[in-house]
Structure formats: structure tokens, C-alpha cells
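*Asks:* Heads up: the sequence shown begins at 32 in the working numbering, then just goes up one per residue.
Using N, Cα and C, we set each Cβ at its ideal position, and we do this for glycine too.
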Amino acid sequence: MDGPACVRARPILHVLAANQQARALAPMYEPGSNLVRAVSLDPASRRLFPDWAEVAAQTAAALRAEADPRDPRTVRLIAELETDEEFRRMWMRHETRPARDELKRFAHPVVGKLALRRQALTVGGAEQQVIIVYQAPDGSPSETALTHLL
Numbered sequence: 032m033d034g035p036a037c038v039r040a041r042p043i044l045h046v047l048a049a050n051q052q053a054r055a056l057a058p059m060y061e062p063g064s065n066l067v068r069a070v071s072l073d074p075a076s077r078r079l080f081p082d083w084a085e086v087a088a089q090t091a092a093a094l095r096a097e098a099d100p101r102d103p104r105t106v107r108l109i110a111e112l113e114t115d116e117e118f119r120r121m122w123m124r125h126e127t128r129p130a131r132d133e134l135k136r137f138a139h140p141v142v143g144k145l146a147l148r149r150q151a152l153t154v155g156g157a158e159q160q161v162i163i164v165y166q167a168p169d170g171s172p173s174e175t176a177l178t179h180l181l
């Protein structure tokens with residue numbers, strides 16, 4: 032596959048697998064990471080995403096859309112995240128927006144600015160998974176930057 036890609040679990044946005052390019056794009060794509068925790072609590076995310084407030088709000092809304100409030104994993108994760116005032120404000124908005132295809136901007140510390148199209152595909156089963164792939168437009172500066180990630 033060409034481009035950063037990862038697989039995350041539903042309902043709590045836990046990274047199960049990621050290719051080398053995704054891991055080079057952001058530490059949050061390391062298998063075992065939780066995307067909501069990384070976006071909300073890791074200060075590096077604020078530097079990585081120029082639109083951090085929008086990314087954080089979308090991530091909280093995706094968690095609310097997917098999470099089962101009776102699932103102990105969800106309860107533990109939300110309790111941890113609510114120690115952060117900004118997450119608590121976003122969570123209290125009660126917004127629900129499942130992961131969707133969108134343009135996501137990055138300010139990568141090594142390769143600079145990237146504008147990547149994020150596509151998400153949900154795969155069914157008892158434990159649903161979401162495959163996320165980032166692509167840069169052909170011939171764009173973002174495509175060139177992606178080649179320098181590895």
C-alpha cells in the first residue's frame with residue numbers, strides 16, 4: 032500500500048496495526064496507542080496538527096459515536112480523558128460524528144507541512160475495525176514530503 036495506513040479497533044480507537052509510513056507520520060499510529068488519548072493528552076499532537084482544536088473535537092465526537100458507555104474499557108478511557116479540561120468540554124458537547132473521509136493537515140517536525148486525504152473503511156465482525164489510509168494528491172508537495180518520511 033502506498034501511503035500511511037493503520038488499523039484501529041472500535042469502539043475505543045485503539046491502534047492495532049500500522050505501516051512504517053504511518054508510524055513515521057505520527058507516534059500515535061504505533062500499535063498499542065490510543066488515538067483519543069494521543070490527540071487529547073499528548074502535547075506533541077498540538078504541534079503536529081495545525082487544526083488541533085478541530086482534530087480533537089472530531090476525535091472526541093468519533094469516540095462518542097462509536098463507544099458503548101457500558102463497556103468497561105470505554106468507562107476507564109473516558110475517566111482518564113476527563114482529567115483534561117479541554118477534553119471534558121468537548122465531551123460535554125455530546126457531539127457524535129463517526130470517522131469520515133476528510134482532509135487532514137500535519138506540521139511534521141521533519142518533512143514539514145502535509146495536506147493528506149484521510150479515508151476510513153469500517154470492516155464488520157464481532158469487533159469492528161477501521162482501516163485508515165492517508166493519501167497525498169499526485170505531484171503535490173505533500174506527496175514529495177511523504178517520500179521523505181522513511
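For A96, does the three-state DSSP call read helix, strand or coil?
*Replies:* Here residue 96 corresponds to residue number 65 of the sequence shown, with the count starting at 1. It is helical.
*Asks:* Rounded to whole angstroms, what's the CA-CA distance from R131 to S171? Just pull it up for me.
*Replies:* Locating residue 131 in the sequence shown gives position 100, counting from the first residue. Locating residue 171 in the sequence shown gives position 140, counting from the first residue. When rounded, the separation of the alpha-carbon atoms in R131 and S171 is 22 Å.
*Asks:* Below 7 Å CB to CB, which residues in the same chain sit around Q51 once its five sequence neighbours on both sides are set aside?
*Replies:* By 1-based counting over the sequence shown, the position of residue 51 is 20. L181.
*Asks:* Does DSSP classify L56 as helix, strand or coil?
*Replies:* Mapped onto the sequence shown, residue 56 falls at position 25. L56 falls in the helix class under three-state DSSP.
*Asks:* Since V70 contacts S76 with CB under 8 Å, what's their CB separation in whole angstroms?
*Replies:* One-based indexing of the sequence shown puts residue 70 at position 39. One-based indexing of the sequence shown puts residue 76 at position 45. Sure, about 5 Å apart at Cβ, within 8 Å.
*Asks:* Would you report the Cα separation of V46 and R104, rounded to the nearest angstrom?
*Replies:* Looking up residue 46 in the sequence shown gives position 15. Looking up residue 104 in the sequence shown gives position 73. For V46 and R104, the distance between alpha carbons rounds to 14 Å.
*Asks:* Rounded to whole angstroms, what's the CA-CA distance from W114 to P81? Just pull it up for me.
*Replies:* Within the sequence shown, numbered from 1, the residue matching residue 114 stands at position 83. Within the sequence shown, numbered from 1, the residue matching residue 81 stands at position 50. In the sequence as presented, Trp is not what sits at residue 114; that position holds Thr. For the pair T114 and P81, the Cα-to-Cα distance works out to about 23 Å.
*Asks:* Quick check on A151: does DSSP put it in helix, strand or coil?
*Replies:* Looking up residue 151 in the sequence shown gives position 120. Reduced to three states, the DSSP call for A151 is strand.
*Asks:* Per DSSP, which one or two residues make a beta bridge with F137?
*Replies:* As a first step, residue 137 must be located in the sequence shown, where it is residue number 106. Beta-bridge pairing links F137 to L145.
*Asks:* If contacts are defined as beta-carbon pairs under 8 Å, then V161 and A151 qualify, I think. What distance do you get, rounded to the angstrom?
*Replies:* Position 130 of the sequence shown, counted from the start, is the residue given in the question as residue 161. Position 120 of the sequence shown, counted from the start, is the residue given in the question as residue 151. Yes, V161 and A151 are in contact; Cβ-Cβ is about 5 Å, under 8 Å.
*Asks:* Nearest to P100 by CA position, among A167, P42, P168 and E174, is which residue?
*Replies:* Walking along the sequence shown from the start, residue 100 turns up at place 69. Out of A167, P42, P168 and E174, P42 has the C-alpha closest to the C-alpha of P100.
*Asks:* State the CB to CB distance for the pair R68 and Y60, rounded to an integer number of angstroms; the pair is presumed to be in contact (CB under 8 Å).
*Replies:* Start at 1 with the first residue of the sequence shown, and residue 68 comes out as number 37. Start at 1 with the first residue of the sequence shown, and residue 60 comes out as number 29. 13 Å between Cβ atoms; not a contact.
*Asks:* Name the two residues that bound the continuous alpha helix (DSSP H) containing I109.
*Replies:* Position 78 of the sequence shown holds residue 109. Unbroken alpha helix (DSSP H) run through I109: P103 to L112.
*Asks:* Would you give the residue range spanned by the beta strand (DSSP E) that A75 belongs to?
*Replies:* Mapped onto the sequence shown, residue 75 falls at position 44. Segment P74 to L79 is the alpha helix (DSSP H) holding A75; no beta strand (DSSP E) there.
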